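Enquirer: Residue numbers (the UniProt record's numbering), protein chains in the order written: chain A, 1 to 281; chain B, 1 to 609.
Please see the structure below; I have some questions.
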């Protein structure tokens, strides 16, 4: 028998092997897996894995905090009726400074200016329309709609893998959520400022600021809790605070414990042997 | 295989003759069965020899009732002699009340596959009944054949159709030889030519391919139909007359040819449909006019009441109710929360159109005086050219009046359709996808931030505006469907008046043998001593096949107006437009698709003369 080309794990390839051919590497893998699962005593998650779990929990928390900024802004304008222009100007200035600092090539900054101009003018044009959009609709239905949209948004954004480039869908849901909420506002300026603030806070700034830096989470936490304190009172604020502390500190440990002791590795074979994403080349 | 022998019901075949033994003579060509034509006593045959295509089929001794057959396995089939004079005949296939060139059209119009028809007609799959068909042809021309037999052998006793020459026919023959007759025929021919050429010109003008007036107006369509009928009359009449000439100048088989083929004469059944269609059309036209006289008289009597009622009704339907609906739509109808700005805008737009159209033409048109004038014209039309013209004029008048509704429907359906389209593509953008036209599928795409923002904002705005646009669209669609239904029901009346198979129905009642829908052969006697005796019978045509164009039209109408497809079209915002001419084309089954030109007609008439 002449030399056969090595077996490849590709279904669409016509190979010189019989249909029921089993590659020796598969058996090796099975043996190794059996050995690993046999040693029950020294089951332990690696340090990297457990820190990754903690990081995931924190980043989810961060996402929820970010999303709650939409409601904070909305309450600021809708409920308290404050003038939205000063915070908008401050935030826009901040965004500009940060983006200047981060982005150096000339071309991309030009594109950014172009797209930001387009966005601004489009929002200026559409905000009167948005303002009148749901005038006849009951407020409750809008609140319900916005609640489900935000749940969907949090779900989508936390399930996408890359943090630096948010997926199209999550951006769209966010914009839809903001547009739905903004249709309750009374003046055009309110609508425009609300849109601008929310887009800057949730889309533009997170792409520049990394989650790992210390300053950003601290600032956002301070803002959220002080806002809660002002709006709902200190009892609710404390309740939320303890809940989030519980979530950040206790839950990851619990999860790691569950993963070590109770997590069944049913899908081991599937996840290691079979390709998760289709291999096309 | 048994030899089938076709016997006519005649008394002299049943009883044995007075003098001596008898011989039955039959005719048979290469591709036919035996058809018994007559009997003669055997002593005559001592002197003459019977030559093909005639055969001595059976003999009978004196005093006996049973025949002694010369052929093996005889099988008798009895039939009643069809009387050509009364246009009775046998046909293995149902007689077609649709002219042949339309028959294919009709089938393809309902989506029957032509391939299947082709396969059906392929000789390999077709039941081989050619022999039977040829025999039926002999039977249909039975009197002619028996006459030629008795001409050849005068001693043979045959059944004779008594063609009496009355005094009237004598006068007719005398008259036809005079100069006056020639002059009058010439005048008639040229008159016909002039009328037909005018009619064909009018019809071709109305069917001018770049601007088919026929599609827009029921009245024009009615004129066109009448013109086409007038154009086709001479052709039909000529065909009917050709049948008469064939019957008279039948090829008499005197020469003794052994390999005799069946004489290739045109069979009568080929021209009977023309006869039926011709008289059906004439009858329908006369009917139309008589209906017109009746209806016109009724209208004249109730003139004042009609004018005032129609004025009130039209004003209510076309102005007041439209206005009320449009105003209502702007102010949250039935508690449905519409977008106030857009609803106000649309409602004002439509109100403006209503006011404009009302002051521009509807007010003048539904003025009692105009209505009364129109009624006068309608009544005169009914008296002169028939009820259908009056009704079609009414349809056109209504169509003009409901034009604003049509406009509203078109505007709102365009808006709705555009909105749906845009929302569809923006929804793709919302999901981060994009339609790939090259591969006709939806692909993933990474959009720029500004694209996303703009697209989603527009999408949300459109989603919120959808109910408003839909409310307008739906209410105008309902109105439009209402007007369409009214028009359709009136047009159905016209279709009934124009194309009802009245003559055929009456013929069917009077003499079913004139409308054969195939044949059936039934077992008659089962006496063991005698050979099997069958009976050839005529099946009259089925009522269902007489009304086939109507059932087709009904099916087309339901698919066009009242079907799931229509509902889907309405939901998608596609406009429901129907080509009127195409729809009613089904009913034009008795007319050729193109009216005969004057030149061709001239040729036909002159060669005939």
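The beta-carbon is built from N, C-alpha and C at its ideal position, and this holds for glycine as well.
No experiment lies behind these values; they were computed from the predicted model shown.
#1: Could you name the residues that DSSP lists as bridge partners for residue 443/B?
#2: Kindly indicate which three-state DSSP category residue 353/B falls into: helix, strand or coil?
#3: Mapping the DSSP letters down to three states, classify residue 26/B as helix, strand or coil.
#4: Measure the alpha-carbon distance for residue 146/A versus residue 441/B and round it to whole angstroms.
#5: Kindly identify the DSSP beta-bridge partner or partners of residue 58/B.
#6: So, residue 56/B versus residue 77/B, is the Cβ gap smaller than 9 Å?
#7: Can you tell me which of 473/B, 389/B, 382/B puts its alpha carbon nearest to the alpha carbon of residue 410/B?
#8: Does any CB atom of chain A fall closer than 9 Å to the CB of residue 456/B?
#9: How many angstroms separate the CA atom of residue 123/A from the CA atom of residue 245/A?
#10: Taking only beta-carbon positions, decide if residue 132/A is within less than 9 Å of chain B.
#11: Quick one: any contact between the stretch 121-137 of chain A and the stretch 184-202 of chain A, if contact means 3 or more CB pairs under 8 Å?
#12: Taking the alpha carbon of residue 37/B as the point to measure from, which residue in 312/B, 44/B, 53/B, 314/B has its own alpha carbon closest?
#13: Using a threshold of 9 Å, state whether the C-beta atoms of residue 222/B and residue 199/B are closer than that.
#14: Give the straight-line distance between the Cα atoms of residue 506/B and residue 550/B, rounded to the nearest whole angstrom.
#15: Please list the residues of the stretch 323-350 of chain B that have a C-beta atom closer than 8 Å to any C-beta atom in chain A, keeping them in chain order.
#16: Starting from the Cα of residue 50/B, find the closest Cα among 61/B, 31/B, 68/B, 27/B and give me that residue.
#17: When the cut-off is 9 Å and only beta carbons count, does residue 138/A lie next to chain B?
#18: Pairs of beta-carbons, one from the stretch 316-336 of chain B and one from the stretch 349-358 of chain B, closer than 8 Å: are there three or more?
#19: Does the beta carbon of residue 171/A come closer than 9 Å to any beta carbon on chain B?
#20: Look up residue 591/B in the DSSP assignment and say whether it is helix, strand or coil.
#21: Taking residue 94/B and residue 517/B to be in contact with their CB atoms under 8 Å, please state how far apart those CB atoms are, rounded to whole angstroms.
#22: Indicate whether at least one CB of chain A lies closer than 9 Å to the CB of residue 591/B.
#23: Grab me the residues of residue 133/B's own chain with a C-beta within less than 7 Å of its C-beta, minus the 5 sequence neighbours each way, in chain order.
#24: Would residue 455/B pass as a contact of residue 172/A if the rule is Cβ separation under 9 Å?
#25: Give a yes or no on whether the minimum CB-CB distance between residue 202/A and chain B is below 9 Å.
#26: Measuring CA to CA, which of 399/B, 462/B, 404/B, 406/B is closest to residue 425/B?
#27: Any beta-carbon of chain A closer than 9 Å to the one on residue 613/B?
#28: Taking 9 Å as the CB-CB limit, is residue 123/A close to chain B?
#29: For residue 199/A, which residues in chain B fall below 8 Å Cβ to Cβ?
#30: Would you call residue 188/B buried or exposed, if buried means 16 or more other Cβ atoms sit within 10 Å of its Cβ?
#31: So with CB distances below 8 Å, who are the chain A contacts of residue 462/B?
#32: Just reading off the alpha helix (DSSP H) that residue 143/A is part of, what are its end residues?
#33: For residue 255/A, which option in 55/A, 11/A, 25/A has the closest C-alpha, if you only look at C-alpha atoms?
#34: Just mark residue 416/B as buried or exposed, buried being the case when its beta carbon has 16 or more other beta carbons within 10 Å.
#35: Measure from the C-beta of residue 126/A to each C-beta in chain B and report whether the shortest distance is under 9 Å.
#36: Among residues of its own chain, excluding the 5 on either side of residue 241/A, which ones have a beta-carbon nearer than 7 Å to its beta-carbon?
Expert: With the given structure in hand:
#1: 434/B
#2: helix
#3: strand
#4: 32 Å
#5: 24/B, 69/B
#6: no
#7: 473/B
#8: yes
#9: 38 Å
#10: yes
#11: yes
#12: 53/B
#13: no
#14: 18 Å
#15: 332, 337, 338, 339, 340, 341
#16: 27/B
#17: yes
#18: yes
#19: yes
#20: coil
#21: 4 Å
#22: no
#23: 92
#24: yes
#25: no
#26: 462/B
#27: Not covered by the structure: residue 613/B. The range shown for chain B is 1 to 609.
#28: yes
#29: 453
#30: exposed
#31: Within 8 Å Cβ-Cβ: nothing; residue 462/B doesn't reach chain A, min ~10 Å.
#32: 139-159
#33: 55/A
#34: buried
#35: yes
#36: 225
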